[in-house]
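Residue numbering for the sequence shown follows the working numbering, starting at 2 and increasing by one per position. All residues carry an ideal CB built from backbone N, CA and C; glycine is no exception. Below: one structure, written as structure tokens.
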Amino acid sequence: MVDDNSISHAPPGSGGAEDDDSDGSGMPDKRSGRRKIKIEYINDKSRRHITFSKRKAGIMKKAYELSTLTGTQVLLLVVSETGLVYTFTTPKLQPLVTKPEGKNLIQSCLNAPDPIESASSSSMDHHHQQAQQQSRSVMTTNNAPTSPPTVSTTHNRFY
């Protein structure tokens, strides 16, 4: 026979065996920290700009870390909706964004029509096409996070 007083019951939300992320009310537990977001186009312009800024900084940092940790050559171009081009380059690839030939190549790629893609990504294509149309005259900015002297820090404008 089991005495009811000897059974330990974990309080809700403490990770007990019967706890499955809900308190029975149908509402998920509120958790602090990072939340998983859907990867889809952000319609709110302000939220989209904030997300762009944060993620651009993150990918620039990752490019720097990749080149530093592995000794690889990295070239990263990020083009905003407004046509601003942000670059991260290691020294050997720097001429691709500073010399006229490299600038012309980048500009011709930005002005080229988008390749035909599948119908499943048509809404993404629409937003991508809008961004491409706005990038007729673009400026580059090198955003190497805490860049050492070996990493380019030049700013360029494409015409």
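Residues that DSSP places opposite residue i in a beta bridge
i, result
"residue 79", "87"
Pair within 7 angstroms by beta-carbon distance, residue i and residue j
i, j, result
"residue 108", "residue 94", "no"
"residue 106", "residue 76", "no"
"residue 46", "residue 79", "no"
"residue 91", "residue 68", "yes"
Same chain, Cβ closer than 8 angstroms to residue i, five either side skipped, listed in chain order
i, result
"residue 52", "43"
Chain-order list of residues whose beta-carbon lies under 6 angstroms from that of residue i (same chain, five-residue window excluded)
i, result
"residue 161", "The requested residue 161 does not occur in the structure, where the chain is confined to residues 2 to 160."
Min CB distance residue i to chain D below 7 angstroms
i, result
"residue 38", "Among the protein chains of the structure shown there is no chain D, as only one such chain exists."
Sequence-distant residues of its chain with Cβ nearer than 7 angstroms to residue i (five each side left out)
i, result
"residue 149", "Any reading at residue 149 must be qualified, since the residue scores a pLDDT of 41, below 50, and its modelled position is unreliable; no value is offered."
"residue 64", "75, 77, 89"
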